[in-house]
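In the working numbering, the protein residues as written are 23 to 267.
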């Protein structure tokens, strides 16, 4: 079976299936220089669109596909929906629940990164951006100080960068105490994040609440209609039911 991966859930699913001796190939987009590799076979790079993915599924005798990509990886999910329908292969979307605000949170929802950028000047003057390097161009027109936290540094392929931009490179999971220290050290007065969900990067939200920092949260994009699971355990059952024998 094929896992469209890159998330912690994808790695956990691969590990569970390898332990059950289910033949697994995990596909990674290749956008991170040194990704965390899952157990089982791994391929890196695109398939050439829905038609290319459909051919790959057929050529490799894939019996089931789990789309466990990041909640904001919209393009590959659209390709997976089209390709699996064309190849007649069952598909499941494994997606962690989104975050929800709690008592004391000051959240401002945005539909896109461009909408988030428009909100920022009303909320603060020094922003922490945790939305990834590929969306930094949306903030290029802002006349405010920005700190972007990324796994890999931005380059010329990411488009124009904000004039007053600092970059810090790191990868989660993060601790609340460290996130509070980061906010204080850089005098951050507004945080921007995507609604990624999960525990690996949620510490920044607790830190923002503690420091009374407003948060701009970018909503998840719409996804194609397909069966869904919110946890690895149920995804394992779904795969085993479709690949047994």
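Where a beta carbon is used, it is the ideal one built from N, C-alpha and C, also for glycine. Since the model is a prediction, treat every value here as computed from it, not as a measurement.
Evaluate contact between the stretch 79-88 and the stretch 233-245, counting only Cβ atoms and requiring at least three cross-stretch pairs below 8 Å. no
Between 78, 160 and 112, which lies nearest to residue 185 when the distance is taken from Cα to Cα? Indexing the chain shown from 1 puts residue 185 at position 163. Selected option, being the one with the closest Cα: 160.
Please classify residue 224: does DSSP put it in a helix, a strand, or coil? Here residue 224 corresponds to residue number 202 of the chain shown, with the count starting at 1. If DSSP states are grouped into helix, strand and coil, residue 224 belongs with coil.
Coarse secondary structure for residue 66, derived from DSSP in three states: Residue numbering aside, residue 66 sits at position 44 when the chain shown is read from its first letter. Note: residue 66 maps to strand in three-state DSSP.
Residue 89, enclosing beta strand (DSSP E) - first and last residue: As a first step, residue 89 must be located in the chain shown, where it is residue number 67. Counting along the chain, the beta strand (DSSP E) containing residue 89 begins and ends at 87-89.
Considering Cα atoms alone, identify which of 33, 26, 46 and 30 is closest to residue 262. What you label residue 262 is simply residue 240 of the chain shown in a count that begins at 1. The candidate whose alpha carbon is nearest that of residue 262 is 46.
Just how far apart, CA to CA, sit residue 194 and residue 105? In the chain shown, residue 194 corresponds to position 172, counting from 1. In the chain shown, residue 105 corresponds to position 83, counting from 1. Their Cα atoms are separated by approximately 32 Å.
Under 8 Å between the Cβ atoms of residue 103 and residue 111? Mapped onto the chain shown, residue 103 falls at position 81. Mapped onto the chain shown, residue 111 falls at position 89. No.
Out of 38, 109, 49 and 172, point me to the one whose CA is closest to residue 215's CA. Counting from one through the chain shown, the residue named residue 215 turns up at place 193. Nearest option by C-alpha distance: 172.
Report all residues from its chain with a CB closer than 6 Å to the CB of residue 198; omit the five preceding and five following residues, and keep chain order. Working through the chain shown from its first residue, we reach residue 198 at position 176. Excluding positions up to five away in sequence, the list reads 225, 228 and 229.
Per-residue DSSP class, three states only, for residue 149: One-based indexing of the chain shown puts residue 149 at position 127. DSSP places residue 149 in strand when its eight states are reduced to three.
Relative to the alpha-carbon of residue 156, which residue among 149, 189 and 126 has its alpha-carbon at the smallest distance? As a first step, residue 156 is located in the chain shown; it is residue number 134 there, counting from the start. Considering only alpha carbons, the answer is 189.
How would you call residue 66, buried or exposed, if buried means at least 16 neighbouring beta carbons within 10 angstroms? Taking the first residue of the chain shown as position 1, residue 66 is located at position 44. So residue 66 ends up on the exposed side.
Do residue 139 and residue 164 have their C-beta atoms within less than 8 Å of each other? Along the chain shown, read from residue 1 onward, the residue named residue 139 stands at position 117. Along the chain shown, read from residue 1 onward, the residue named residue 164 stands at position 142. Contact: yes.
Out of 77, 84 and 147, which has the shortest C-alpha to C-alpha gap to residue 25? As a working note, residue 25 is residue 3 in the chain shown. The option with the nearest alpha carbon to residue 25 is 84.
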